[in-house]
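One structure is given below, encoded as structure tokens.
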Amino acid sequence: MAIGLDVGGTKVAAGVVDSSGTVLRRLRRSTPGTDPRAVEQTIVDLVQELAVGYSIAAVGVGAAGWMDVDGGTVLFSPHLAWRNEPLQANLEALLGRPVALTNDADAAAWAEWRFGAGQGESRLVCVTLGTGIGGAQVVDGRIERGRFGVAGEFGHQVIMPGGHRCECGNRGCWEQYASGNALGREARELAGANSPVAQELLRAVNGRVADITGILVTDLARVGDPACRELVEDVGSWLGLGLANLAAALDPGRFVIGGGLCEAGDLLIEPTRKAFARNLTGRGFRPLAEISVAALGPEAGLIGAADLARRAAA
Ligand SMILES: [Zn+2]
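Residue 5 is where the sequence shown starts when you use my numbering, and the numbers rise one by one after that.
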């Protein structure tokens, strides 16, 4: 058994995971602010509570951010106060067990490759749609992390020069057009214009435009609201365009799309496939990569972190 943790800006999810990727026991805590010592302590508490009654070989920690190539130090984490934090050594000292650190998108991609929708694919690209876009690649059975360990920031490819401002500092990044946040923003804009097509959306939030989120739009699209279906379709078109760019650079056999937005299913994926095929360079003269929805859901990150830790310790 191994324990995997997914450390997010608001929650830490943890679980005991067996070698087939099944989560046997799970726990969740709120992330205790941004103090690095408090976050470490939460990780230690969760591991100790989960480990009771199990033989635990290793602990895997996945978090948003950049790990150095050796995987011992968190160089930067956007939602936590880790800056050049030697997290692996700190946690190993506190836990007395082997610890492996992973970027959260890498961990989720690994889990999909090992146990989910990416199994058997020699060149897999995973894209996770949440507040932003997470990205990762599994190539020939290993995570491709780049020369400095910071590969996979697909969400910040500029897809619309001079477009929407991104928190990374640039304008027009892909995640400003093809994420859950982008869907919410577009829907608020539509409702804010008091368009007659947005009446169902406005009714759902009692006229409070600020309460419209990507999740609400996805839900309304699923029950058939035409305006919300259009909004999801637009996001799918942007998603497909960005995937075509990635295919031009990376030529994967399969894309696996994860994250909350995938609840929209074919309402999202069909327009994505269409835009992908329409924008692919050399279309008609090359095989089309498959585009699949992720299979493991929100626990992919902790499952992958646990599996990577188990393999590193073996
Ligand atoms: Zn950006």
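All C-beta atoms, glycine included, are put in the ideal place defined by N, C-alpha and C.
- Around P256, the same chain offers E125, R127, L128, V129, Q141, L250 and A293 as residues with beta carbons nearer than 8 Å, after the five sequence neighbours per side are excluded.
- Excluding sequence positions up to five before and after T135, its CB lies within less than 8 Å of the CB of S183, G184 and N185, all in the same chain and listed in chain order.
- Given a length threshold of 3 residues, each whole run of the beta strand (DSSP E) inside the stretch 253 to 316 is given here in chain order: 258 to 262 and 294 to 297.
- For S81, the closest of A68, I261, G262 and T222 by C-alpha to C-alpha distance is A68.
- Excluding five sequence positions before and after R192, the CB atoms of its chain that fall closer than 6 Å to its own CB belong to V213 and I216, given in chain order.
- For H160, the shortest separation between its Cβ and any heavy atom of ligand 1 lies below 7 Å.
- Listed in chain order, the non-local C-beta contacts of L243 below 6 Å within the same chain comprise A182 and T276, local neighbours out to five positions each way being set aside.
- By the C-beta criterion, the stretch 307 to 314 is judged to be in contact with the stretch 17 to 35, since at least 3 inter-stretch pairs fall below 8 Å.
- Comparing alpha-carbon positions, the option among A109, R175, A93 and I163 lying closest to G153 turns out to be A109.
- Using a 10 angstroms sphere on the CB of L28, the tally of other CB atoms stays under 16, which defines it as exposed.
- In this structure, Q92 lies away from L79, with their beta-carbon atoms at least 8 Å apart.
- Relative to the non-hydrogen atoms of ligand 1, the Cβ of N174 comes within a distance shorter than 7 Å of at least one.
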